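S.K.:
Residue numbers (my numbering), protein chains in the order written: chain C, 1 to 299; chain E, 300 to 598.
Structure follows, in structure tokens:
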């Protein structure tokens with residue numbers, strides 16, 4: 001079934017101990033779309049500037065991403081510049097040029113207004129709700145967020161949370177949003193704010209799926225080469241949502257498998273800069289890693 | 300089958316955000332013995348001073364620990380004082396009084412010299428080898444170590460590693476000992492130093508079991524209340540080695556279950572100060588948590 005994502009399309013300059021890239025294709029909606037695109041048809045809602053390279057548009061199209069929702073505005077494309085030290089768990093931002101993203105106001109093309117599965121990537125919670133408002137009776141709405149919105153727009157974020165089914169966030173953000181230092185308590189609190197499912201991402205330590213009466217723990221796929229963690233969280237959400245949106249079934253078993261697919265897609269993503277690993281992924285690669293995941297936790 | 304541990308018996312003063320304890324029973328050999336004692340008969344080799352409270356001796360005996368190897372020396376018992384901040388993953392040491400432990404030279408009572416399973420807790424690697432020398436043809440030797448020995452006695456530690464089958468250490472120590480920042484590569488390097496199995500403990504993020512051709516990931520049991528992490532690593536090793544030493548079978552399946560039992564015993568330990576939770580543990584409690592573990596990772 002179709003899956004809509006709203007978020008950023010960006011040009012990222014990233015340096016890690018293993019190399020660097022200048023103005024590579026990036027952005028939350030991009031990583032999400034390419035990752036989810038392994039499983040389902042993705043409708044993208046984002047904005048780029050006049051300078052956005054045609055080759056990136058061609059690439060997204062070649063992977064089956066529906067670009068009718070990709071607006072092109074006067075000005076330059078959103079750019080981010082950052083680096084990772086030996087601790088690849090956290091990016092240090094050097095520069096953020098919002099450019100056309102600064103005045104982004106998502107307008108859904110009319111065929112998008114009936115999309116059953118919706119993912120609101122990490123953008124202003126006001127805009128996240130604005131997108132939900134434009135969709136008639138979605139089957140499932142999920143969102144991501146970050147420390148910036150947690151501290152600068154806590155009320156708006158709460159309003160958004162009251163309208164989503166699944167919340168994705170990383171461990172530090174979960175503790176920040178809920179207050180306190182215990183992750184189990186934090187997750188319980190987050191479940192009381194609206195979502196029926198909370199997914200907590202822990203980078204190389206895996207991810208947790210919290211629901212009212214259950215808890216599932218997926219490892220991260222252990223890698224010898226992590227070259228660039230940029231986009232790992234959005235690739236994760238893409239694998240999760242892409243798998244899930246193949247049919248209307250939110251059983252515990254399917255949610256668990258979705259978490260594993262999320263972890264798998266994130267593991268591919270971090271093996272190369274930009275989308276260079278994801279762009280070569282075939283379904284067989286995903287299946288092979290899924291099998292390896294089973295072996296990793298079986299006892 | 301019998302399992303021998305050599306390590307420390309101490310009186311610990313610990314403060315955490317959830318309370319504190321003054322001169323509670325502690326020490327690596329103590330945590331290990333009580334934890335492993337849920338599965339098998341443990342022979343303890345350690346030293347205490349003249350001031351060591353009789354009630355602690357009585358408690359260890361009541362849990363079936365064989366104390367023929369517990370020497371009592373002139374002087375005071377080893378004392379450690381530390382605290383944990385909100386990040387319960389790392390202890391800050393305030394004071395270490397080695398006392399009688401400073402001149403500890405383990406002498407095995409003659410019945411101990413034929414013990415099939417041996418655990419060398421975190422002590423001077425010279426002493427670790429000295430203990431192995433006293434045992435005739437052990438079936439399995441495991442050891443733990445720490446940053447202090449990795450930096451101060453690297454050569455001696457390597458000699459010890461060449462004589463052990465299983466190495467336990469935490470993530471930071473693994474990276475320090477192997478050099479580099481990638482855990483997979485570090486584990487592969489550690490396996491080249493002698494051990495056929497490397498267990499890497501990651502606190503609340505679980506533990507990994509590395510062997511030449513396999514990798515297993517066990518989660519940590521998620522807890523709402525972590526009161527005092529002191530002794531978690533030794534309780535972990537105790538659960539692992541206690542389960543394993545019930546028979547001579549080092550199959551992959553048994554090693555994996557051992558890792559889960561290690562994680563379970565550590566999870567009980569951190570729920571209370573000193574050994575206050577472990578001292579009340581029954582086999583049914585362990586079995587219940589084992590079942591919950593399966594539910595936690597099943598997909």
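The beta-carbon is built from N, C-alpha and C at its ideal position, and this holds for glycine as well. Being a predicted model, the structure only gives us computed values, none of them experimental.
Please list, in chain order, the chain C residues whose beta carbon lies closer than 8 angstroms to that of residue 559 of chain E.
M.R.: Indexing the second chain from 1 puts residue 559 of chain E at position 260. Correct list: 299.
S.K.: Is DSSP giving residue 23 of chain C helix, strand or coil here?
M.R.: Here residue 23 of chain C corresponds to residue number 23 of the first chain, with the count starting at 1. It is a strand residue.
S.K.: Taking 6 angstroms as the line, does the beta carbon of residue 387 of chain E fall inside it for any heavy atom of the ligand MN?
M.R.: As far as ligands go, the structure on display features none, and thus does not contain the ligand MN.
S.K.: Can you tell me where the alpha helix (DSSP H) with residue 15 of chain C in it begins and where it stops?
M.R.: Here residue 15 of chain C refers to the residue found at position 15 of the first chain. Careful: residue 15 of chain C lies outside any alpha helix (DSSP H), inside the beta strand (DSSP E) at 10-16.
S.K.: Given a limit of 9 angstroms on CB to CB distance, which residues of the region 529-560 of chain E reach chain C?
M.R.: Result list: 552, 555, 556, 558, 559.
S.K.: Are the CB atoms of residue 21 of chain C and residue 63 of chain C nearer to each other than 7 angstroms?
M.R.: In the first chain, counting from the first residue as 1, residue 21 of chain C sits at position 21. In the first chain, counting from the first residue as 1, residue 63 of chain C sits at position 63. The answer is no: Cβ separation not under 7 angstroms.
S.K.: Suppose you measure from the CA of residue 117 of chain C to the CA of residue 258 of chain C; what does that come to, to the nearest Å?
M.R.: Residue numbering aside, residue 117 of chain C sits at position 117 when the first chain is read from its first letter. Residue numbering aside, residue 258 of chain C sits at position 258 when the first chain is read from its first letter. Answer to the nearest angstrom: the Cα atoms are 14 angstroms apart.
S.K.: Is it true that the CB of residue 424 of chain E sits closer than 7 angstroms to the CB of residue 459 of chain E?
M.R.: Indexing the second chain from 1 puts residue 459 of chain E at position 160. Indexing the second chain from 1 puts residue 424 of chain E at position 125. Yes, Cβ-Cβ distance for residue 459 of chain E and residue 424 of chain E is below 7 angstroms.
S.K.: Please name the residue, chosen from E:516, E:549, E:566, that lies closest to residue 524 of chain E on a Cα-to-Cα basis.
M.R.: By one-based count along the second chain, residue 524 of chain E stands at place 225. It is E:566.
S.K.: Leaving out the 5 sequence neighbours to the left and right, which residues in its chain are closer than 8 angstroms to residue 350 of chain E when beta-carbon positions are compared?
M.R.: Taking the second chain and counting its residues from 1, the one referred to as residue 350 of chain E is at position 51. Correct list, in chain order: 375, 376.
S.K.: Smallest Cα separation from residue 207 of chain C: which of E:521, E:427, E:561?
M.R.: Indexing the first chain from 1 puts residue 207 of chain C at position 207. When each option's Cα is compared against that of residue 207 of chain C, the closest is E:521.
S.K.: How would you write the range of the beta strand (DSSP E) that residue 170 of chain C sits in, first residue to last?
M.R.: In the first chain, the residue the question calls residue 170 of chain C occupies position 170. Residue 170 of chain C -> beta strand (DSSP E) spans 166-170.
S.K.: When you compare the region 143-151 of chain C with the region 160-180 of chain C, are there three or more beta-carbon pairs, one atom per stretch, that lie closer than 8 angstroms?
M.R.: A contact exists between the region 143-151 of chain C and the region 160-180 of chain C.
S.K.: For the region 376-407 of chain E, enumerate the residues whose C-beta is nearer than 7 angstroms to any C-beta of chain C, in chain order.
M.R.: Residues passing the 7 angstroms Cβ filter: 385.
S.K.: Tell me which residues of the region 155-186 of chain C have at least one Cβ-Cβ distance to chain E shorter than 8 angstroms, keeping chain order.
M.R.: Listed in sequence order: 181, 182, 183, 184, 185.
S.K.: Taking Cβ positions only, does residue 31 of chain C come closer than 7 angstroms to chain E?
M.R.: Counting from one through the first chain, the residue named residue 31 of chain C turns up at place 31. Chain E contact via Cβ: absent.
S.K.: So, are the CB atoms of residue 302 of chain E and residue 540 of chain E less than 7 angstroms apart?
M.R.: As a position in the second chain, residue 302 of chain E is number 3, starting the count at 1. As a position in the second chain, residue 540 of chain E is number 241, starting the count at 1. Going by C-beta atoms, residue 302 of chain E is nearer than 7 angstroms to residue 540 of chain E.
S.K.: Between the region 212-225 of chain C and chain E, which residues of the former have CB atoms less than 7 angstroms from a CB of the latter, in chain order?
M.R.: Here the close residues are 215, 216, 217, 219, 222, 223, 224.
S.K.: So with CB distances below 9 angstroms, who are the chain C contacts of residue 501 of chain E?
M.R.: Along the second chain, read from residue 1 onward, the residue named residue 501 of chain E stands at position 202. The answer, in chain order, is 205.
S.K.: Using a Cβ-Cβ cutoff of less than 6 angstroms, which residues in the same chain neighbour residue 30 of chain C once the five nearest sequence positions on both sides are dropped?
M.R.: Your numbering for residue 30 of chain C matches position 30 in the first chain. Here the set comprises 9.
S.K.: Could you give the C-beta distance for residue 339 of chain E and residue 545 of chain E, rounded to a whole number, given that I count them as a contact under 8 angstroms?
M.R.: On the second chain, residue 339 of chain E is found 40 positions in, with the first residue counted as 1. On the second chain, residue 545 of chain E is found 246 positions in, with the first residue counted as 1. Between residue 545 of chain E and residue 339 of chain E the Cβ distance is about 6 angstroms, and since that is below 8 angstroms, they are a contact.
S.K.: Taking buried to mean at least 16 other C-beta atoms within 10 Å of its own C-beta, is residue 253 of chain C buried or exposed?
M.R.: Taking the first residue of the first chain as position 1, residue 253 of chain C is located at position 253. Counting Cβ neighbours within 10 Å, residue 253 of chain C comes out exposed, since fewer than 16 surround it.
S.K.: Under 7 angstroms between beta-carbons, which chain C residues line up against residue 595 of chain E? List them in chain order, please.
M.R.: Within the second chain, numbered from 1, the residue matching residue 595 of chain E stands at position 296. Near residue 595 of chain E (Cβ distances below 7 angstroms), the residues of chain C are 215, 216, 217.
S.K.: Which residues in the same chain have their Cβ closer than 8 angstroms to the Cβ of residue 85 of chain C, if we skip the five residues on either side of it in sequence?
M.R.: Reading the first chain from its first residue, position 85 is the one you call residue 85 of chain C. Within the same chain, residue 85 of chain C has close Cβ partners 17, 92.
S.K.: Quick one: using the 10 Å Cβ neighbour count with 16 as the cut-off for buried, is residue 90 of chain C buried or exposed?
M.R.: Locating residue 90 of chain C in the first chain gives position 90, where the first residue counts as 1. By the 10 Å Cβ count, residue 90 of chain C comes out exposed.
S.K.: Would you kindly report the start and end of the unbroken alpha helix (DSSP H) that includes residue 441 of chain E?
M.R.: Start at 1 with the first residue of the second chain, and residue 441 of chain E comes out as number 142. Note, residue 441 of chain E: premise wrong, no alpha helix (DSSP H); beta strand (DSSP E) at 439-443.
S.K.: If contacts are defined as beta-carbon pairs under 8 angstroms, then residue 203 of chain C and residue 164 of chain C qualify, I think. What distance do you get, rounded to the angstrom?
M.R.: Your numbering for residue 203 of chain C matches position 203 in the first chain. Your numbering for residue 164 of chain C matches position 164 in the first chain. Actually they do not touch by this definition, with Cβ atoms about 23 angstroms apart.
S.K.: Looking only at its own chain, which residues have a Cβ that is under 6 angstroms from the Cβ of residue 542 of chain E, when we skip the five neighbours before and after it?
M.R.: Position 243 of the second chain, counted from the start, is the residue given in the question as residue 542 of chain E. The residues are 338, 557, 560.
S.K.: DSSP state of residue 406 of chain E, grouped into three classes?
M.R.: In the second chain, residue 406 of chain E corresponds to position 107, counting from 1. In the structure shown, residue 406 of chain E sits in coil (DSSP, three-state: anything other than H, G, I, E or B).
S.K.: Who are the Cβ neighbours of residue 65 of chain C in its own chain at under 7 angstroms, not counting the five residues just before and after it?
M.R.: Reading the first chain from its first residue, position 65 is the one you call residue 65 of chain C. Taken in chain order, the residues that qualify are 33, 37, 42, 44.
S.K.: Starting from residue 365 of chain E, follow its DSSP beta bridges and name the residues at the other end.
M.R.: Looking up residue 365 of chain E in the second chain gives position 66. In DSSP, residue 365 of chain E forms a bridge with E:342.
S.K.: Let me know the secondary structure DSSP gives residue 200 of chain C once reduced to three states.
M.R.: One-based indexing of the first chain puts residue 200 of chain C at position 200. Strand.
S.K.: Please state whether the Cβ-Cβ distance between residue 489 of chain E and residue 497 of chain E is less than 7 angstroms.
M.R.: In the second chain, residue 489 of chain E corresponds to position 190, counting from 1. In the second chain, residue 497 of chain E corresponds to position 198, counting from 1. In contact: residue 489 of chain E and residue 497 of chain E (Cβ atoms closer than 7 angstroms).
S.K.: Look at the alpha carbon of residue 403 of chain E and the alpha carbon of residue 474 of chain E, and state the distance between them as a whole number of angstroms.
M.R.: As a working note, residue 403 of chain E is residue 104 in the second chain. As a working note, residue 474 of chain E is residue 175 in the second chain. Rounded to the nearest angstrom, the two C-alpha atoms are 29 angstroms apart.
S.K.: Three-state secondary structure (DSSP) at residue 33 of chain C?
M.R.: By one-based count along the first chain, residue 33 of chain C stands at place 33. Correct three-state label for residue 33 of chain C: helix.
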